[in-house]
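Inspection log for the structure reproduced underneath, given as structure tokens.
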Amino acid sequence: MEKVIINGELIERKDAVMDIEDRGYQFGDGIYEVIRVYSGKMYTAEEHLKRLYKSAEKIGLKIHYQKDEIKSHAASLIEENRLDTGIIYMQFSRGIAPRQHAFPLEDTACSYIAYTREMPRPEAMLDKGVKTLLVEDIRWLRCDIKSLNLLGNILAKQKAAESDCYEAIQHRGEIVTEGSSSNVFIVKDGTVMTHPATNLILNGITRQVIQKLCAENAVRFDEKEFTVEQLLAADEVFLGSTTSEVMPIIQVNQTVIGGGVPGTVTRKLQELFSQHIQKDCTLLQNI
Ligand code: PDD
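Start counting at 1 in the sequence shown, then tack on 9, and there's your number in my numbering.
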């Protein structure tokens, strides 16, 4: 039987109940994280949990649980559900209270849920690359917060899906910001470029790992805005996210990138990323 976590308790999914006046449900008033699980181990868990508390702080939400408690709940859930390769989703809302926009009383506890899902690595797409669609970024101005409010992202992703594309690449005017659920990178003359970590994008954990891997392996990395024109003229384009890893992009709208095959820098980063997963999840110990 599949288990989930509700407010720190490990229970059967079929017994999980959420109040209809939970603020996450009514307002999207909360935050979340998606953590990859490889060989039953959480990948970059510390980084994700740090960002979780940062997001909470940015919206004035008090998480009444310590980081280690959440980590240990997550580990128990993974074990109970016998998850090997997949994700753990966790969300914290500002709790249950009569519906009014302003924050509820001080002593209203946050609501905390978590569940796991099996999700294999997207190997075929990692190998061949994916198609993407340009979409105007209509989201709010605090995209740095991993908020439950994802309507802008959802509408962008839906447009991409309707065009048979894997991801929407969002842009504010001429400037490319990020994907609907990923960060976007271009490679030009050997330099990797991505939007700076401002309020206009989510500073992805995958993005941070890629940045570190570039620094450690003498790949030039520039956190700098780039335009739609630069994107279309790039040597290579890829996206980064927890679920997609380092995903080659071989087409943007009708423009084929890099002759329609993943480029050498992207391939190198994929390789380094896989090694980092092995190291972080100590896969070798599980063989
Ligand atoms: N999405 N930008 C946006 C808007 C995202 O939603 C995500 C992640 C990222 C990449 O962040 P990370 O590398 O930490 O996963 C960038 C998650 C996976 C999701 O919503 O499912």
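We treat Cβ as the ideally placed atom computed from N, Cα and C, and that holds for glycine.
Under a Cβ-count criterion, where at least 16 other Cβ atoms within 10 Å of its own Cβ denotes burial, should Q109 be classed as buried or exposed? exposed
Kindly indicate which residue of G188, F194, T125 and I154 has the alpha-carbon position closest to the one of T92. Note on identity: in this sequence residue 92 is Leu, with Thr being the wrong assignment. Comparing Cα positions, the closest option is T125.
Quick check: the stretch 101-118 against the stretch 229-246, are at least 3 beta-carbon pairs closer than 8 Å? no
Mind checking whether A133 and K197 have CB atoms under 8 Å apart? no
T264: which of T275, W149 and V246 sits nearest, CA to CA? V246
Residue closest to D153, alpha-carbon to alpha-carbon, out of N262, K168, H73 and A65: A65
Confirm the yes/no value for this check: CB of R216, any heavy atom of ligand 1, distance under 7 Å. yes
Should the stretch 48-67 be regarded as contacting the stretch 13-26, the criterion being three or more beta carbon pairs within less than 8 Å? no
G95 versus V255: straight-line alpha-carbon distance, rounded: 16 Å
Kindly identify the DSSP beta-bridge partner or partners of Q167. Looking at the DSSP assignment, Q167 forms no beta bridge with any residue, so it has no partner.
At a cut-off of 7 Å, would you count S190 as near ligand 1, judging by its Cβ distance to the nearest heavy atom? yes
Could you give the uninterrupted runs of the alpha helix (DSSP H) lying entirely in the stretch 90-127, keeping only those of 4 residues or more? none
Taking DSSP as the reference, what is the three-state secondary structure of V201? strand
Given that a residue counts as buried once 16 or more other Cβ atoms are within 10 Å of its Cβ, and exposed if not, what is M27? exposed
Meets three-Cβ-pair contact criterion under 8 Å: the stretch 169-178 and the stretch 204-223: no
Which of the three DSSP states is assigned to N192 in this structure? strand
Give every residue of the same chain whose Cβ lies closer than 7 Å to the Cβ of E89, excluding the five residues on either side of it in the sequence, and list them in chain order. K12 and L19
Just checking my contact of E213 with N226 at CB under 8 Å: how many whole Å lie between their CB atoms? Sequence check: residue 213 is Gly here, not Glu. Not really, about 19 Å apart at Cβ, beyond 8 Å.
Can you find the residues in the same chain that come closer than 7 Å, C-beta to C-beta, to H73, ignoring five residues on each side of it along the sequence? A118 and C119
T179, buried or exposed, once every other Cβ within 10 Å from all chains shown has been counted against 16: Reading the sequence as shown, one finds Gln at residue 179 and not Thr. Buried is the call here.
Which of helix, strand or coil does DSSP assign to T79? Correcting the residue identity first, residue 79 is Ile in this sequence and not Thr. Of the three classes helix, strand and coil, the one that applies to I79 here is helix, per DSSP.
Member of Q217, F101 and V144 whose CA lies at the smallest distance from the CA of Y34: F101
Whose CA, out of D31, G182 and A165, lies closest to the CA of E176? A165
Expressed to the nearest angstrom, what Euclidean distance is found between the alpha-carbon atoms of Y41 and Q220? 23 Å
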